[in-house]
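Sequence order for the protein chains is A and B.
So the first sequence is residues 39 to 100, counted in the numbering used here.
So the second sequence is residues 12 to 383, counted in the numbering used here.
Yeah, the Cβ is synthetic: ideal placement off N, Cα and C, and Gly gets one too.
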Amino acid sequence: METDWSKVMEVFTTGIIGVFVVMILLQILTQLSTRVIDFVENLGKGEGSSPEPKSPTAPSKD
Amino acid sequence: MLDILKDLIYSSGAVSLTGGNLVMWLVSFVLLYLAIKKQYEPLLLLPIAFGILIVNLPLTFLMEPEHGLVWFFYHYGIELDIIPPLIFLGLGAMIDFGPLIANPKTLLLGAGAQAGLYVTFFAAVLFGFDLQEAASIAIIGGADGPTTIFLTSKLAPHLLGATAVSAYAYMALVPIIQPPMMKLLTTEHERKIVMGKLRPVSKLQRICFPIVTAMAIMLMVPTAAPLISMLMLGNLFKESGVVERLSKAASNELMNIVTIFLGLSVGATMTAGTFLSPKVLFIFFLGLFAFIVSTGAGLIMAKVMNLFLKDKINPLIGAAGVSAVPMAARCVHKVGSEANRRNYLLMHAMGPNVAGVIGTVVAAAILLKNLG
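Rendered as structure tokens:
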């Protein structure tokens with residue numbers, strides 16, 4: 039059976055390009071989602087925290 | 012009395028034995044030896060080897076369509092695509108995507124290793140395999156057993172036994188195959204590169220990752236859905252922390268049960284008639300080639316990335332892009348610590364390692380889309 043070389047080249051090139059495109063997009067999405075979550079979590083921490091009361095047992099310099 | 016005895020002898024399988032059957036027994040015994048004595052991937056090689064043995068006992072008709080016991084396992088488990096996705100469900104419940112989330116650029120290393128797979132595809136076509144067969148052989152380079160079985164069962168089912176055994180055998184041989192390639196393609200200086208500590212990953216990030224990844228990949232490559240959906244569901248079980256029973260069931264009981272049927276069914280496809288041909292035996296050579304080229308492609312990808320990165324990565328971690336979780340990552344760690352005792356690369360290598368699992372699924376799905 040004759041090999042369809044144009045199909046071979048198509049599978050070869052679309053395969054390599056396809057994998058890279060999908061993985062790069064996934065990388066961008068992962069970076070984006072982790073940054074958004076970091077931002078939201080930091081915001082939550084900032085809002086939730088209040089100035090800590092001075093501990094009566096904390097060592098003091100004087 | 013004599014007639015009964017004669018009848019018994021003629022109806023026994025012994026008189027129907029062929030030379031091919033005996034050779035396949037030998038193959039089975041070698042695999043049993045590797046599984047039991049050497050402990051090379053015993054969970055799969057053991058049932059595969061036993062499957063080969065029983066299907067090469069004449070007149071048992073275990074693989075007789077619509078009648079044989081093992082045929083039902085094969086038909087419903089593999090032909091209907093039930094078992095590989097279930098294995099992925101269990102795999103997802105065991106995988107820690109934390110190192111990948113902490114360092115998402117390692118996804119590129121998972122992609123880089125897949126380039127080797129396409130080189131093997133090209134080579135297999137040059138050696139006279141048709142396109143579907145070439146794709147099934149090339150996926151061995153991904154070093155991912157369930158994905159190899161998933162793709163081969165769809166594109167070239169007659170090669171299923173050879174590609175599956177080849178994939179699992181080379182996965183077991185990672186510590187032998189990969190280090191020479193790592194040392195060949197990296198300098199001593201590169202192997203000594205110490206990578207900084209990975210940043211912590213929050214629980215919410217771990218929960219969001221499988222959801223975002225499943226949606227993104229299934230939208231871009233719908234043919235990847237059976238494998239990627241199960242992989243990410245298993246991971247969501249694990250990371251959510253609210254369905255511990257399901258997570259444990261997926262990663263233990265279910266995984267063990269389907270592994271038995273998978274191994275037995277794959278082994279049972281290896282009858283003397285289908286397995287003993289120069290073409291099939293050549294697959295083992297091409298499988299090794301695929302694995303070596305994929306390892307090399309991952310290493311080269313890491314070196315290319317270093318040209319653009321401010322904080323250099325140790326290029327050894329590129330070799331872990333071939334999936335084979337976690338052997339490839341352990342192997343990277345070992346070679347890295349040989350070069351520099353202060354080097355602790357295991358967690359850094361786990362990033363590309365799990366990226367390799369995703370990359371192999373994507374590569375298989377694209378092959379399936381083009382050739383299925």
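Which complete alpha helix (DSSP H) runs does the stretch 69-129 of chain B hold, if anything under 4 residues is left out? 80-85, 94-105, 109-113
Spatially closest choice to ASN32(B) from MET281(B), PRO190(B), ASN325(B), by CA coordinates: MET281(B)
Span of the alpha helix (DSSP H) around HIS359(B): 357-382
C-beta contact flag for LEU382(B) and PRO95(B) at 9 angstroms: no
If we define contact as Cβ-Cβ less than 9 angstroms, is VAL368(B) a contact residue for chain A? no
Spell out whether any CB of chain B is found under 9 angstroms from the CB atom of PHE77(A). no
With 9 angstroms as the threshold, decide whether the Cβ of LEU63(A) is near any Cβ in chain B. yes
Considering only their Cβ atoms, is the gap separating ALA46(B) from LEU56(B) smaller than 9 angstroms? yes
Quick test of your reading: VAL343(B) and ALA331(B), contact by CB under 8 angstroms. State the CB separation rounded to the nearest angstrom. 5 angstroms
For VAL365(B), which residues in the same chain have their Cβ closer than 7 angstroms to its Cβ, ignoring the five residues on either side in sequence? ILE106, PHE108, LEU111, VAL336
VAL304(B): first and last residue of the uninterrupted alpha helix (DSSP H) it sits in: 289-319
Just to check my reading of the structure: ALA113(B) and ARG210(B) have Cβ atoms closer than 8 angstroms, yes? What is that Cβ distance to the nearest angstrom? 5 angstroms
Is PHE50(A) close to the ligand MN? I mean its beta-carbon at under 8 angstroms from any heavy atom of the ligand. The ligand MN is not part of the structure shown, which contains no ligands of any sort.
Is it true that the CB of ALA313(B) sits closer than 9 angstroms to the CB of GLY152(B)? no
Quick check on this structure: which residue in TYR44(B), ILE15(B), ASN325(B), ALA60(B) has the alpha carbon closest to the alpha carbon of ILE271(B)? ALA60(B)
Going by Cα to Cα distance, which pick from MET316(B), GLY278(B), THR159(B), GLY30(B) is closest to SER39(B)? GLY278(B)
Anything in the stretch 207-227 of chain B with a Cβ closer than 8 angstroms to a Cβ of chain A? List those residues in chain order, please. VAL212, SER213, LEU215, GLN216, CYS219, PHE220, VAL223, THR224, ALA227
Taking the C-alpha atoms as reference points, what is the distance between ILE15(B) and SER23(B)? 12 angstroms
Given a threshold of 16 other Cβ atoms within 10 Å of its Cβ, counted over all protein chains shown, does VAL372(B) qualify as buried or as exposed? buried
Spell out whether any CB of chain A is found under 9 angstroms from the CB atom of TYR129(B). yes
Give me the chain B residues within the contact set of SER44(A), using Cβ-Cβ distance strictly less than 8 angstroms, ordered along the chain. Simply none; closest approach about 11 angstroms.
When burial is assigned at 16 or more other CB atoms within 10 Å of the CB, is ALA350(B) buried or exposed? buried
Go ahead and label PRO289(B) buried or exposed: buried means 16 or more other beta carbons lie within 10 angstroms of its beta carbon, across all protein chains shown. exposed
Below 8 angstroms on the Cβ atoms is my contact criterion, and I expect ALA149(B) with LEU128(B) to pass it. Report the Cβ-Cβ distance as a whole number of Å. 5 angstroms
Below 9 angstroms between beta carbons: does that hold for ILE294(B) and THR174(B)? yes
PHE132(B), DSSP secondary structure in three states: helix
So, under 8 angstroms CB-CB, VAL232(B) and ALA376(B) are touching, yes? Tell me the CB distance rounded to an integer number of Å. 4 angstroms
Under a CB-based cut-off of 9 angstroms, is ILE112(B) close to chain A? yes
Would you call PRO94(A) buried or exposed, if buried means 16 or more other Cβ atoms sit within 10 Å of its Cβ? For PRO94(A), the predicted structure reports a pLDDT of 46, less than 50, and the residue's modelled location is therefore unreliable. The matter cannot be settled from this model.
Given a threshold of 16 other Cβ atoms within 10 Å of its Cβ, counted over all protein chains shown, does ASN263(B) qualify as buried or as exposed? exposed
Taking the Cβ atom as the reference point for each residue, do LEU378(B) and GLY53(A) lie within a distance shorter than 9 angstroms? yes
Looking at the structure shown, is ARG73(A) part of a helix, part of a strand, or coil, going by DSSP? helix
Please name the residue, chosen from VAL136(B), LYS49(B), LEU310(B), MET358(B), that lies closest to LYS208(B) on a Cα-to-Cα basis. MET358(B)
Would you decide whether ALA124(B) is buried or exposed? Buried here means 16 or more other CB atoms lie within 10 Å of its CB. buried
Compare the C-beta of VAL232(B) with all C-beta atoms of chain A and state if any pair is closer than 9 angstroms. yes
Any chain B beta carbon closer than 9 angstroms to LEU81(A): no
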